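Everything on this sheet refers to the single structure shown next.
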Amino acid sequence: MTTQHHTQRRSILLVRASWRIDAVTGTDRSISSLAAALAAAGHQVAIATATEQHDGTGLPGVPVEQFDLPLALPCTSQALREALITTEAKVQRSLSDLIVRRRVDTVVSVGVLWGLGRLPIDLPYGVQRVLVVPALPHEQDMPPALAYADTVITSCDAVLRQATTAAWPTRTWHVVPNAPLHNPGIPATVARKAEAPVRVLAPVGQDVGVLELIAAARAWHRHVEVALAPPGPDDLRGGRALRQQCQILADRAPNITLAPVPGWAEVPGWLAEAAAVIIPCRRPASSMTALEALSQGTPVIAYNTGILSDLLLPLQHGPRRLLADVMHGPNALLFLTDGLLADPASYRAACQAAYWRVQDLRPVRVAQLFCSALP
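According to my numbering, the stretch in the sequence shown is residues -7 to 367, in order.
Shown next, in the form of structure tokens:
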């Protein structure tokens, strides 16, 4: 394995079978932010996906390549595992050809399964393989992915702790935080923000907690706007029914609106126009929505668990708490939000703290940290 200094310009391929440019939440959006940050820092970056992309969309300076996955997407994780049993060699050849053609020196598998980190790939001499672990994966996918990786990166200490507790060999892992897709904006006037609606942006999923939050908010006096992004691959079957349930509850509550999902480039502005953003998920797999809200000076209320704890705990020491105990459920999220918005001084401090929390997570800084983690 050749040793490369982290300041050199690299040719990087980010691999995620399910990646879409129009993702507004989750791991796919974190890939977009990392790709944009690395490209802005002068590296050659491409994204490899098995998902068909719409013409005319893309990230500046980041070409999108499609590799061959003999399976109709979207599909469930288990369907992908089963398909790889018989099609592994074909997927390997497709990725290997792409790596050679683009003269890639660093292959980044974002996820042990959907980033195909568990898949062996015949790499040219000197090409590094990096595994990014956004959240603790299914245990059957982890051993091969770790065996093939030269470097393992995760986005926060919470995932590192979870992996250590699960007895995975984490001593050499690196933590590189996510960056917002865009540089932090200029926060709106605090007085104007306080009168805005409370907003929720989340995918439709059984573990996301949106339905429970809408049910609890029906008796609330504040206006809530909920944008339901498409479900994750393992929530496809129940996603439509869950969306219908959310719509039924919202139709019966004058203070709740199911809003259109903002376009991928419109997300920061949509979050900036909220008085506060609530993340109702009890087991979050990504901090991107919270991160982008903070970057616009919008306070975030969430459960004190997992990935979001690492991002929001530094803001927990102000006059108003922002993290609720999971056991207290969605009413605790509404209670904390109400207390914050009803206290002008605390709200102003929370908006300022939110904005400054993200200053160390600017894209240029995250690109530097990512490259520093590589050999």
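For every residue, glycine included, the Cβ atom is placed at its ideal position computed from N, Cα and C. Just so you know, these numbers come straight off a predicted model, no measurement behind them.
Range of the contiguous beta strand (DSSP E) that encloses residue i
i	result
A158	First-last for A158: undefined, no H or E at that position.
S3	S3 to V7
I145	T143 to T146
A15	A15 -> no beta strand (DSSP E), and no H or E assigned at all.
P52	No beta strand (DSSP E) holds P52; DSSP gives it neither H nor E.
T43	Unbroken run through T43: none, as it is neither H nor E.
R349	Not the beta strand (DSSP E): R349 falls in the alpha helix (DSSP H), residues P336 to R349.
E131	Here E131 belongs to no beta strand (DSSP E), and DSSP marks it neither H nor E.
V218	V216 to A221
Of the residues the options, the one placed nearest residue i, counting alpha carbons only
i	options	result
G321	V356, L72, A207 and R121	A207
Q288	L353, C238 and Y295	L353
V96	A75, R121, V104 and R110	R121
R274	V350, R340 and L205	L205
H35	W11, L138, R2 and A186	R2
G261	A28, S88, L30 and T290	T290
A277	T297, G231, A245 and L26	T297
D302	T146, V83 and A64	T146
V54	T78, R73 and A27	A27
A282	T78, L65 and A194	A194
S86	L234, V167 and A40	A40
E57	L6, A32, A31 and V104	L6
R232	C343, A29 and G197	G197
Pairwise C-alpha distance: residue j and residue i
i	j	result
P161	A334	47 Å
W165	I240	45 Å
L300	V318	12 Å
P116	N247	58 Å
I293	I270	5 Å
T157	C148	15 Å
P52	H174	12 Å
L325	A219	17 Å
R8	A268	31 Å
F362	R229	36 Å
P222	H46	16 Å
V83	R357	34 Å
P367	V144	11 Å
A139	I113	12 Å
S10	A337	43 Å
T(-5)	R12	Reliability fails at T(-5), whose pLDDT of 43 lies under 50, so the model's placement of it is uncertain and no value is given.
A42	L65	8 Å
M(-7)	R73	Residue placement at M(-7) is poorly supported in this model, since its pLDDT is 41, which falls under 50; the coordinates still yield a value, given next. Rounded to whole angstroms, M(-7) to R73 spans 29 Å at the Cα level.
V192	E217	6 Å
P254	V16	8 Å
L90	L61	13 Å
W212	A150	32 Å
A396	R214	Residue numbering for the chain in the displayed model covers -7 to 367; residue 396 lies beyond these limits and cannot be assessed.
S25	H130	25 Å
Whole-number beta carbon distance between residue j and residue i, since they are thought to touch under 8 Å
i	j	result
P126	V99	That belief does not hold up - the Cβ atoms of P126 and V99 are roughly 17 Å apart, past 8 Å.
E284	L263	6 Å
G107	V124	7 Å
V410	T329	The chain is shown from -7 up to 367; residue 410 falls before or after that span and cannot be answered.
T68	D226	5 Å
Boundaries of the alpha helix (DSSP H) in which residue i is found, first to last residue
i	result
L328	G321 to L333
A137	M134 to Y140
R191	Run containing R191: none in the alpha helix (DSSP H); it sits in the beta strand (DSSP E), V190 to P195.
E204	V202 to A209
V168	First-last for V168: undefined, no H or E at that position.
A33	Element bounds for A33: n/a, residue is neither H nor E.
L314	Note, L314: premise wrong, no alpha helix (DSSP H); not H, not E.
Please specify which runs of the alpha helix (DSSP H), each continuous and at least 4 residues long, are wholly inside the stretch 282 to 311, giving them in chain order.
For the stretch 282 to 311, whole alpha helix (DSSP H) runs of length 4 or above, ordered along the chain, are 298 to 304.
Which whole runs of the alpha helix (DSSP H) in the stretch 64 to 110 are 4 residues long or more, in chain order?
69 to 93
At 4 residues or longer, and completely inside the stretch 228 to 267: list those alpha helix (DSSP H) runs for me, N to C.
Within the stretch 228 to 267, complete alpha helix (DSSP H) segments of at least 4 residues are found at 228 to 243 and 259 to 264, given in chain order.
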